[in-house]
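For the sequence shown, the residue numbers in this note's numbering are 1 to 331.
Yeah, the Cβ is synthetic: ideal placement off N, Cα and C, and Gly gets one too.
All figures in this text were calculated on a predicted structure; none of them were measured in a lab.
Report on one structure; see the data block that follows.
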Amino acid sequence: MNYILTYMILIVGGAGYIGAHINKQLNINGYETIVFDNLSYGHEDFIKWGTFECGDLGNINDIRSVFKKYPVTAVMHFAAFTYVGESVEDPQKYYRNNVCNTINLLQVMLEFDVKKLVFSSTCATYGDPVEIPITEQHPQNPISPYGRGKLMVENILSDYSRAYNLHYVSLRYFNAAGADPNSEIGELHDPETHLIPLILDAASGKRQSIKIFGTDYNTPDGTCIRDYIHVTDLADAHLKALQYLENGGKSDYFNLGNGNGFSVREVIEKSREITRKEIKAVEDKRRPGDPPVLVGSSDKIRKILRWEPKYDDLSLIIQTAWKWHEKRETD
Ligand code: UFG
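Written out as structure tokens, the structure reads:
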């Protein structure tokens with residue numbers, strides 16, 4: 001096969017919520033993409049761009065056959081389990097997939113001399129914050145196997161970078177939210193545990209109400225505060241990280257948030273305004289493992305990658321999520 005384009009990006013886990021938005025962004029910007037996904041949590045109908053290769057990171061030959069077939073120039077890695085609570089119940093599942101399978105991917109990248117990687121990390125690597133906003137210098141003391149596994153991979157990448165000249169960027173996401181502004185793809189998990197999709201389910205009548213997990217936190221309205229970042233801004237940051245590596249940038253890690261926090265009550269209230277639905281909220285006990293406030297500083301990524309969020313307003317995040325939610329209901 002002859003390929004005219006120089007850049008061919010392998011998107012591992014490209015059928016998931018975040019991977020699919022990045023797949024779209026890369027294609028809009030002239031990249032060729034290969035989506036590699038085992039569809040265990042991903043959605044086949046989210047693969048609207050690029051070429052799909054069904055395979056499992058747990059099977060190293062699946063990975064090898066993709067690298068044999070396509071002249072991959074860089075990899076973006078999103079294939080991870082992301083339920084913090086489940087990681088406490090079943091750590092083996094998380095370490096095997098999120099850590100061991102990432103080592104498989106890295107092994108094949110090295111075998112095929114592919115040395116550029118954008119890795120999907122998380123603010124969960126910081127654990128309970130001792131300072132807000134959280135900068136990249138904040139100590140990393142994760143409190144769940146999910147967060148610990150992601151930090152292990154960050155450390156592995158740092159060692160591989162030194163030993164094998166791998167160039168990587170780790171992006172530590174805060175709360176990814178919202179949907180593609182053209183409603184081609186959106187946020188969908190099974191089971192759904194994330195605040196905004198659950199609120200919108202309550203708005204559309206799919207659920208009776210939304211539970212507020214904890215109303216006695218030391219925050220202005222007693223509920224947890226999170227830094228919501230629009231998934232399209234997140235996708236743009238990945239594009240910038242990739243271009244940075246293509247231009248010879250050195251391995252680095254960045255927070256990816258807006259630097260603004262919103263409480264659970266504020267998110268519910270804003271959703272009522274946007275959807276014009278009542279949205280019944282029920283106060284419930286705290287969810288174990290939830291830090292009261294998670295807000296990140298995005299100064300570093302703004303400065304070094306020149307990333308600027310375009311949807312850094314909670315209304316835009318909820319509006320795009322709601323538009324997609326409504327479209328799905330009618331499709
Ligand atoms: N919440 C509710 N009711 C719900 C669901 C969530 O009150 O039904 C609250 C949570 O307690 C939390 C906030 O809404 O305070 C946001 O919860 P999400 O589950 O949407 O997101 P998290 O902050 O728990 O999780 C995100 C990412 C994880 C990452 C974690 C880091 O989705 O991948 O941040 O702490 F690990």
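query, result
"Simplified DSSP state of Tyr3, which is helix, strand or coil", "Summary for Tyr3: the model assigns pLDDT 49, below 50, so the residue's position carries little reliability; its value from the coordinates is reported in the next sentence. Coil."
"Bridge partner(s) assigned by DSSP for Glu32", "Met8"
"Cys123 beta carbon near ligand 1 (any heavy atom closer than 8 Å)", "yes"
"Unbroken beta strand (DSSP E) run spanning Tyr173, endpoints", "167-173"
"Nearest residue (CA-CA) to Ala334, options Lys116, Met109, Ser144", "A question about residue 334 goes unanswered here, because the residues of the chain that appear run from 1 up to 331."
"Complete runs of the alpha helix (DSSP H) confined to the region 50-88 [at least 4 residues]", "60-69"
"Supposed contact pair Val282 and Ser209 - C-beta distance, whole angstroms, cut 8 Å", "5 Å"
"Proximity test, Arg226 beta-carbon vs ligand 1 heavy atom, cut-off 8 Å", "yes"
"Spatial distance of Ile60 from Ile279 (CA atoms)", "47 Å"
"Segments assigned alpha helix (DSSP H), at least 4 residues, entirely inside the region 248-325", "264-275, 299-304"
"Alpha carbon of Glu53 to alpha carbon of Val153, nearest angstrom", "24 Å"
"9 Å Cβ cutoff, Ile156 in contact with chain D", "As a matter of chain content, chain D is missing from the structure shown, which is built from one protein chain."
"Residues of its chain near Glu273, where Cβ-Cβ distance is below 7 Å and the 5 sequence neighbours each way are ignored", "none"
"Pick from Leu110, Lys300, Asp201, Ile103 that is closest to Lys323, judged by C-alpha positions", "Asp201"
"Near ligand 1: Phe174 beta-carbon under 8 Å from a heavy atom", "yes"
"Through-space distance from Gly248 to Tyr3, alpha-carbon basis", "With a pLDDT of 49 at Tyr3, under the threshold of 50, the modelled position of that residue is not reliable, and the figure given next carries that caveat. Going by the C-alpha atoms only, they are around 23 Å apart."
"First through last residue of the beta strand (DSSP E) which encompasses Thr122", "116-122"
"For Asp313, the nearest candidate out of Glu187, Arg265, Gly42, Ala177 (CA to CA)", "Ala177"
"As assigned by DSSP and simplified to three states, the class of Asp221", "coil"
"Inter-residue spacing [alpha-carbon to alpha-carbon] between Gly289 and Gly214", "12 Å"
"Neighbourhood of Leu117 by C-beta, 6 Å cutoff - its chain only, sequence neighbours within 5 removed", "Val75, Tyr168"
"Closer than 8 Å: Asp290 CB and nearest ligand 1 heavy atom", "yes"
"Ligand 1 heavy atom lying under 8 Å from the CB of Lys211", "yes"
"Coarse secondary structure for Asp37, derived from DSSP in three states", "strand"
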